[in-house]
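Enquirer: Note that the numbering used here has the sequence shown beginning at 1373, numbered continuously upward.
For every residue, glycine included, the Cβ atom is placed at its ideal position computed from N, Cα and C.
The model shown is predicted, which means the values in this text are computed figures rather than measured ones.
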Amino acid sequence: MPISDSIPRVALVTGGARRLGRASALALAGAGFDIAIHHRDSLEDAKATQQAVEALGRRAVLLHADLAVEAQVARLVPDATAALGPVGVLLNNASTFERDEWQDATRESWDQHIEPNLRAPFVLMQAMALALPAQAEGVVINMLDQRVWSLTPHFVSYTVSKAALWALTQSMALALAPRIRVNGIGPGPAMPSVRQSPEHFAQQCASVPLAHGTSAEEVAEAVLSILRLPAMTGQMIALDGGQHLQWSPSQGQSVPE
């Protein structure tokens, strides 16, 4: 099914320089979108992604912002629009993923997750919706986490931020209908975290029901699938090998994340 012609062919991808964001940015470019690549500390990676987008025949612009600083977040949609045109696709991909537990979570660790993982996506959704041309349609895709369907006692601030973003995804799907569809993708093991060794990541992938995780390319395919499904809104696609089906508190956490 083709992507609706009513969607402006500009995509803003937060965290678009590396990892899942880069793969999705390139997939969107391959589907005919110009890309606004948001980055924070990955300028060289962002430049490489920009060159890769341009090699596909699309335009790309680099936008720097710390998503924990709302004044910087507020500039992203206007700057993307000024450089490329109205934003038709917003991929809220960037997030902070640091460990804290109920015993040691602080106001600082709370804000470290809530601001970039929840508040920033809302500010961007609001700005994109208000700026969308009257006859255009739009799509928002929020990068969630399979754990929003299978809550664990670990990574307290991160888990709360993603669970709240899942609730916001559903609420905004109602609020922005019928012109803007809002969906999410919930990856399981896709790429090693900075805390994981290759061995730990392989263990984590092997532990899920399908005995393998997902990949950046599969996540990017899900992004394109959401764009092509005009009846889909308020949904999450879990690409996790069935990980969300298997948690129980007695299991604890045997593999570092």
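Could you tell me which of 1461, 1479, 1470 sits nearest to residue 1375, measuring between CA atoms?
Expert: As a first step, residue 1375 must be located in the sequence shown, where it is residue number 3. Closest by alpha carbon: 1461.
Enquirer: Any idea if residue 1546 is buried or exposed, counting beta-carbon neighbours within 10 angstroms, 16 or more meaning buried?
Expert: Translated into positions along the sequence shown, residue 1546 becomes position 174. Exposed: under 16 other Cβ atoms inside 10 Å.
Enquirer: Within this structure, are the beta carbons of residue 1518 and residue 1578 separated by less than 8 Å?
Expert: If you number the sequence shown from 1, residue 1518 lands on position 146. If you number the sequence shown from 1, residue 1578 lands on position 206. Cβ atoms of residue 1518 and residue 1578: not closer than 8 Å.
Enquirer: In terms of alpha-carbon separation, which member of 1474, 1468, 1470, 1433 lies closest to residue 1454?
Expert: The residue given as residue 1454 occupies position 82 in the sequence shown. Taking only the C-alpha atoms, the option nearest residue 1454 is 1433.
Enquirer: In whole angstroms, what separates the C-alpha of residue 1513 from that of residue 1594?
Expert: Position 141 of the sequence shown, counted from the start, is the residue given in the question as residue 1513. Position 222 of the sequence shown, counted from the start, is the residue given in the question as residue 1594. Going from the Cα of residue 1513 to the Cα of residue 1594 covers about 10 Å.
Enquirer: Out of 1428, 1592, 1482, state which residue places its alpha-carbon closest to the alpha-carbon of residue 1404.
Expert: Numbered from 1 along the sequence shown, position 32 holds the residue referred to as residue 1404. The candidate whose alpha carbon is nearest that of residue 1404 is 1428.
Enquirer: Excluding sequence positions up to five away, which residues of its chain have a Cβ less than 6 Å from the Cβ of residue 1505?
Expert: As a first step, residue 1505 is located in the sequence shown; it is residue number 133 there, counting from the start. Within the same chain, residue 1505 has close Cβ partners 1458.
Enquirer: Note down, in chain order, each residue of its chain lying with its Cβ closer than 7 Å to the Cβ of residue 1538, except the 5 sequence neighbours on either side.
Expert: The residue you call residue 1538 lines up with position 166 of the sequence shown. Result list for residue 1538: 1516, 1520, 1556, 1608, in chain order.
Enquirer: What residues are listed by DSSP as bridge partners for residue 1555?
Expert: In the sequence shown, counting from the first residue as 1, residue 1555 sits at position 183. Its beta-bridge partners are 1513.
Enquirer: Taking residue 1598 as part of the alpha helix (DSSP H), name the residues at either end of that continuous run.
Expert: By 1-based counting over the sequence shown, the position of residue 1598 is 226. That run of the alpha helix (DSSP H) goes 1588–1600.
Enquirer: Report the rounded CA-to-CA distance for residue 1387 versus residue 1524, giving the unit in angstroms.
Expert: Looking up residue 1387 in the sequence shown gives position 15. Looking up residue 1524 in the sequence shown gives position 152. Whole-angstrom Cα-Cα distance: 25 Å.
Enquirer: So is residue 1614 buried or exposed if we call it buried at 16+ other beta carbons inside 10 Å?
Expert: In the sequence shown, residue 1614 corresponds to position 242, counting from 1. Result: exposed.
Enquirer: Determine the direct distance from the alpha carbon of residue 1448 to that of residue 1442, and round the result to whole angstroms.
Expert: Residue mapping note: residue 1442 aligns to position 70 of the sequence shown, counting from 1. Residue mapping note: residue 1448 aligns to position 76 of the sequence shown, counting from 1. Near 10 Å, if we compare the C-alpha coordinates of residue 1448 and residue 1442.
Enquirer: Within 10 angstroms of the Cβ of residue 1576, are there 16 or more other Cβ atoms? Answer buried if so, exposed if not.
Expert: To locate residue 1576, count along the sequence shown from 1; it is residue 204. Buried, by the Cβ-count rule.
Enquirer: Using the rule of at least 16 other Cβ atoms within 10 Å of the residue's Cβ for burial, across every protein chain shown, is residue 1548 buried or exposed?
Expert: One-based indexing of the sequence shown puts residue 1548 at position 176. Per the 10 Å Cβ criterion, buried.
Enquirer: Quick one: grab the DSSP three-state call for residue 1572.
Expert: If you number the sequence shown from 1, residue 1572 lands on position 200. In this structure, residue 1572 counts as helix in the three-state DSSP scheme.
Enquirer: Enumerate in chain order the residues of its own chain whose CB-to-CB distance from residue 1456 is below 7 Å, with the five nearest sequence positions on each side excluded.
Expert: Sequence index remark: in the sequence shown, residue 1456 carries index 84 (1-based). Contacts found: 1382, 1406, 1408, 1431, 1433.
Enquirer: Sort 1604, 1373, 1530 by Cα distance to residue 1486 and report the nearest one.
Expert: As a first step, residue 1486 is located in the sequence shown; it is residue number 114 there, counting from the start. Comparing Cα-Cα distances from residue 1486 to each of 1604, 1373, 1530, the minimum goes to 1530.
Enquirer: Using a threshold of 8 Å, state whether the C-beta atoms of residue 1335 and residue 1559 are closer than that.
Expert: One cannot answer for residue 1335 here, as it falls past the ends of the chain, which runs 1373 to 1629.
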